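Enquirer:
Residue numbers (this note's numbering): 52 to 190.
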């Protein structure tokens, strides 16, 4: 019987992810985070659930934990191209919240390289360049 629990049904991750989104909409950050943590066990949802988990951690001012989740996913290399863009954007937001403006700028520049129409990334880049006195990309 215990072995059955270890074999997570494919819809179990989706159920946790969906419930996490309900909690997130209600701004129940800790409950949402717990659901997204469970949803991360489903390989098909791992990156999306990790992005949502990081957002919840940011909302509760657990910035180091959010960064750890995002950096771990960054190293994994998994996810669709759009999910990777979202990952780099979230990394940028987290670095910015932590006051690591150069790292944030680097992440937003990656977003713009992968999606030249990403208006939010463009805006973040302009703001950060002014803030740290960088005129153009160093790459």
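C-beta atoms are modelled at their ideal positions from N, C-alpha and C, and glycine is treated no differently.
Keep in mind it's a predicted model, so treat the numbers as computed, not measured.
CB-CB under 7 Å to residue 153, same chain, minus the five flanking residues each way: which ones, in chain order?
Expert: Here residue 153 corresponds to residue number 102 of the chain shown, with the count starting at 1. Same-chain partners within the cutoff: 183.
Enquirer: Out of curiosity, what's the CA-to-CA distance linking residue 138 and residue 74?
Expert: For the purposes of this step, residue 138 is identified with residue 87 of the chain shown, where counting begins at 1. For the purposes of this step, residue 74 is identified with residue 23 of the chain shown, where counting begins at 1. Taking the straight line joining both Cα atoms gives about 21 Å.
Enquirer: Rounded to a whole number of angstroms, what is the C-alpha to C-alpha distance between residue 113 and residue 167?
Expert: For the purposes of this step, residue 113 is taken as the residue at position 62 of the chain shown. For the purposes of this step, residue 167 is taken as the residue at position 116 of the chain shown. Spanning the two alpha carbons is a distance of roughly 30 Å.
Enquirer: Could you pull out every residue in the same chain whose Cβ sits closer than 6 Å to the Cβ of residue 174, ignoring the five residues on either side in sequence?
Expert: As a position in the chain shown, residue 174 is number 123, starting the count at 1. Closer than 6 Å at the Cβ level, and outside the excluded window around residue 174, lies no residue.
Enquirer: Return the residue from the list 105, 116, 159 that minimises the CA-CA distance to residue 83.
Expert: If you number the chain shown from 1, residue 83 lands on position 32. Selected option, being the one with the closest Cα: 105.
Enquirer: Apply the 10 Å Cβ neighbour rule to residue 141 and answer buried if 16 or more other Cβ atoms are within range, or exposed otherwise.
Expert: Your numbering for residue 141 matches position 90 in the chain shown. So residue 141 counts as buried.
Enquirer: If distances are taken between C-alpha atoms only, which option among 147, 96, 108 comes closest to residue 119?
Expert: Residue numbering aside, residue 119 sits at position 68 when the chain shown is read from its first letter. Looking at the Cα atoms, 108 is the closest of the given residues.
Enquirer: So, with DSSP's three-state summary, where would you put residue 137?
Expert: Within the chain shown, the letter at position 86 stands for residue 137. Three-state DSSP puts residue 137 in a helix.
Enquirer: Mapping the DSSP letters down to three states, classify residue 95 as helix, strand or coil.
Expert: Along the chain shown, one-based indexing puts residue 95 at 44. In the structure shown, residue 95 sits in coil (DSSP, three-state: anything other than H, G, I, E or B).
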